[in-house]
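Structure first, commentary second.
2 protein chains.
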Amino acid sequence: MQGDSVTGPATGAAPLKRDSLQQQIYDRVFDGLVSGSYLPGQVLSTRGMAQELGVSAMPVREALTRLTAEGALELTSSRTLRVRVLTPEDFDEITAIRVNLEGMAGERAAQQVTEPDLDRVRTLHAELTTAAQGVETDRYLAANAAFHDGIYRAAQWPLLLSMIRRLWLTVGPAIRNSVPDHQHMATSMGYHDDALQALAARNAAGLRAAIVGDIETAAQGIRARLAEPPETPRPRTG
Amino acid sequence: MQGDSVTGPATGAAPLKRDSLQQQIYDRVFDGLVSGSYLPGQVLSTRGMAQELGVSAMPVREALTRLTAEGALELTSSRTLRVRVLTPEDFDEITAIRVNLEGMAGERAAQQVTEPDLDRVRTLHAELTTAAQGVETDRYLAANAAFHDGIYRAAQWPLLLSMIRRLWLTVGPAIRNSVPDHQHMATSMGYHDDALQALAARNAAGLRAAIVGDIETAAQGIRARLAEPPETPRPRTG
DNA sequence: GGGCGCAAACTGCGATCGCAGATCAACGAT
DNA sequence: ATCGTTGATCTGCGATCGCAGTTTGCGCCC
Chain H
1 MQGDSVTGPA TGAAPLKRDS LQQQIYDRVF DGLVSGSYLP GQVLSTRGMA
51 QELGVSAMPV REALTRLTAE GALELTSSRT LRVRVLTPED FDEITAIRVN
101 LEGMAGERAA QQVTEPDLDR VRTLHAELTT AAQGVETDRY LAANAAFHDG
151 IYRAAQWPLL LSMIRRLWLT VGPAIRNSVP DHQHMATSMG YHDDALQALA
201 ARNAAGLRAA IVGDIETAAQ GIRARLAEPP ETPRPRTG
Chain A
1 MQGDSVTGPA TGAAPLKRDS LQQQIYDRVF DGLVSGSYLP GQVLSTRGMA
51 QELGVSAMPV REALTRLTAE GALELTSSRT LRVRVLTPED FDEITAIRVN
101 LEGMAGERAA QQVTEPDLDR VRTLHAELTT AAQGVETDRY LAANAAFHDG
151 IYRAAQWPLL LSMIRRLWLT VGPAIRNSVP DHQHMATSMG YHDDALQALA
201 ARNAAGLRAA IVGDIETAAQ GIRARLAEPP ETPRPRTG
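Heads up: the protein sequence lines correspond to chains H and A, in order.
For the first sequence, the UniProt record's numbering assigns the number 1 to the initial residue and increments by one for each residue that follows.
For the second sequence, the UniProt record's numbering assigns the number 1 to the initial residue and increments by one for each residue that follows.
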């Protein structure tokens with residue numbers, strides 16, 4: 001509980017708190033959920049995280065409350081907070097909405113994309129390709145999220161982006177749980193390549209098709225391994 | 001609605017607080033925003049609302065923080081909290097997403113609707129018709145929100161419903177600000193009648209068309225009066 | 001040695017206090 | 001009478017404390 005590290009975590013040259021503490025914590029956990037740092041069923045505690053971050057329980061609490069309200073976390077019957085475990089019905093609904101919204105964002109991105117945007121997406125695609133070739137799971141998951149995010153950001157519709165990110169927030173841990181193998185990454189990279197080409201060609205329908213294909217094929221693998229949350233049972237002295 | 005009893009509002013036989021205080025406050029303000037009880041630019045204060053409700057500032061704060069994060073409220077430069085004032089660009093984006101998601105919900109509602117659902121929607125439609133005929137603005141706005149909500153609820157997709165409700169949350173005050181007149185209500189009721197018939201006939205395409213027509217025609221009137229927030233400017237001495 | 005029980009240590013939630021920054025009102029000077 | 005300045009009071013945000021309920025783990029009893 002060092003009071004000196006409250007205002008500035010050990011981030012080196014970080015100047016000051018640009019946002020409120022709860023917002024920084026929210027963003028941190030948000031990114032962790034999207035990029036696969038958390039597993040379904042994993043228990044989180046307000047005070048525990050507060051102690052890790054060197055802050056009081058209050059901002060952590062508000063951040064986790066928001067994530068709970070957004071469906072990323074859930075409160076168990078014993079008032080414990082954990083990463084939400086999706087049912088197949090939950091997952092199918094999320095996938096259907098993702099197809100709709102991400103397809104919409106892709107169409108608009110193809111119309112609105114600028115050259116700087118395109119360069120950024122190309123860079124993200126290169127990183128994703130590298131991660132896929134090396135079958136580096138963690139790196140692949142983070143790069144995959146960043147690649148999709150880069151495309152949707154080019155659509156220049158902040159609300160649509162935030163709604164898509166909210167969906168990723170919920171499926172992130174499930175994706176992590178399905179631990180994509182080489183086969184999965186290879187087929188998915190086919191869609192990613194198509195998506196990049198369609199974006200560069202300003203081909204709205206093509207970009208939508210590539211995105212929808214990516215989502216729906218990936219969903220099959222994720223859904224199959226949905227009922228295997230390896231974090232929930234803690235038999236003894238975990 | 002005096003909050004003389006903190007733990008138990010005057011809900012009669014309500015046993016205890018079914019939800020947390022912050023959730024109750026969130027729901028309360030949420031409904032107020034959707035059904036048009038708040039105007040764009042209207043200032044809200046944590047401590048003020050806490051005093052009105054007879055609770056401490058804490059649960060109010062968390063509720064309003066969530067609404068701010070969801071884009072319903074905004075923090076001014078002077079750290080004052082107010083109902084968000086939409087720009088035309090904001091509004092166009094919201095409308096486009098609404099067309100997409102509410103059309104999707106309508107299609108699925110037409111496929112999933114049960115007889116009890118249909119009865120409920122019929123009742124809501126009757127109430128809406130009454131309010132429109134009497135040109136009772138407040139009643140019409142609340143009934144309109146309830147009618148749409150009833151249809152989307154029949155789709156049996158809770159996440160989709162919550163995302164639609166989040167959009168209504170943001171446009172609610174703007175709709176209120178446009179004070180629909182008799183002409184607006186009359187044309188809108190045409191689409192509402194079509195929607196009810198399509199739902200009863202399980203006509204997915206027809207229901208989507210009615211919903212999209214309703215949204216897009218209403219959007220024209222709302223957008224036109226968007227730049228007239230009568231609450232923002234306070235020239236001198238209130 | 002094995003099963004039971006109670007207390008300590010967790011959990012989230014609400015209340016209260018204090019801080020830094022901004023607004024506003026009232027007072028004093030010109 | 002008008003302008004400038006200052007203090008009281010507002011704002012949101014974080015820390016700390018306390019409450020009620022649940023889980024857990026150590027010690028006691030059989």
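Positions of the beta carbon are idealized from the N, C-alpha and C atoms, including for glycine.
All of these numbers come straight from a predicted model, not from anything done at the bench.
By the DSSP assignment, the alpha helix (DSSP H) with residue i in it spans what residues?
i	result
A/Leu226	Run containing A/Leu226: none; DSSP gives neither H nor E here.
H/Gln133	115 to 133
H/Gln24	21 to 34
H/Asp138	137 to 153
H/Thr187	182 to 200
A/Ser162	158 to 177
Just grab the DSSP bridge partners of residue i for me.
i	result
residue 243 of chain A	No answer is possible for residue 243 of chain A: the residues shown for chain A start at 1 and end at 238.
H/Val43	H/Arg82
H/Leu75	H/Leu81
Since residue i meets chain H, which of its residues come closer than 9 Å, beta carbon to beta carbon?
i	result
A/Met163	Ile97, Leu101, Met163, Arg166, Leu167
A/Ile94	Leu159
Am I right that residue i and residue j are in contact with their C-beta atoms under 8 Å? What's the rounded C-beta distance?
i	j	result
A/Leu177	A/Pro40	Looking at the sequence provided, one finds Asn at residue 177 of chain A rather than Leu. Sure, about 5 Å apart at Cβ, within 8 Å.
H/Met49	H/Ala132	Rounded, the Cβ-Cβ distance is 32 Å, inconsistent with contact.
A/Leu53	A/Ile25	7 Å
H/Val34	H/Ile215	The Cβ separation is near 15 Å, so there is no contact.
A/Gln42	A/Val83	5 Å
A/Ser45	A/Leu101	Not confirmed; about 33 Å, so no contact.
H/Ile222	H/Leu167	That pair is no contact at about 13 Å.
H/Val113	H/Leu196	Contact doesn't hold; Cβ gap of about 11 Å is too wide.
H/Gly32	H/Leu141	No, H/Gly32 and H/Leu141 are not in contact; Cβ-Cβ is about 11 Å, not under 8 Å.
H/Leu75	H/Val29	Incorrect: roughly 16 Å between the Cβ atoms, too far for contact.
A/Ala174	A/Leu226	6 Å
H/His192	H/Val135	Wrong, their Cβ atoms sit about 15 Å apart, outside the cutoff.
Please report the residue range of the beta strand (DSSP E) in which residue i lies.
i	result
A/Leu81	81 to 83
A/Glu70	Where A/Glu70 is concerned, there is no enclosing beta strand (DSSP E), given that its DSSP letter is neither H nor E.
Could you name the residues of chain H that residue i contacts, counting a contact when the two beta carbons are closer than 7 Å?
i	result
A/Arg66	Arg66, Ala69
A/Met104	Asn100
Would you mind telling me which residues of chain A sit closer than 9 Å to residue i, beta carbon to beta carbon, in chain order?
i	result
H/Glu62	Arg61, Glu62, Thr65, Arg66
Taking only heavy atoms of the ligand FAD into account, decide whether any of them is closer than 7 Å to the Cβ of residue i.
i	result
H/Ile25	Looking for the ligand FAD in the displayed structure turns up nothing, as the structure carries no ligands at all.
| Are there three or more Cβ pairs, one per stretch, closer than 8 Å when the stretch 54 to 72 of chain H is compared with the stretch 202 to 213 of chain H? | no
| request: Determine, using beta-carbon pairs with one atom in the stretch 151 to 160 of chain H and one in the stretch 115 to 122 of chain H, whether at least three such pairs fall under 8 Å. | output: yes
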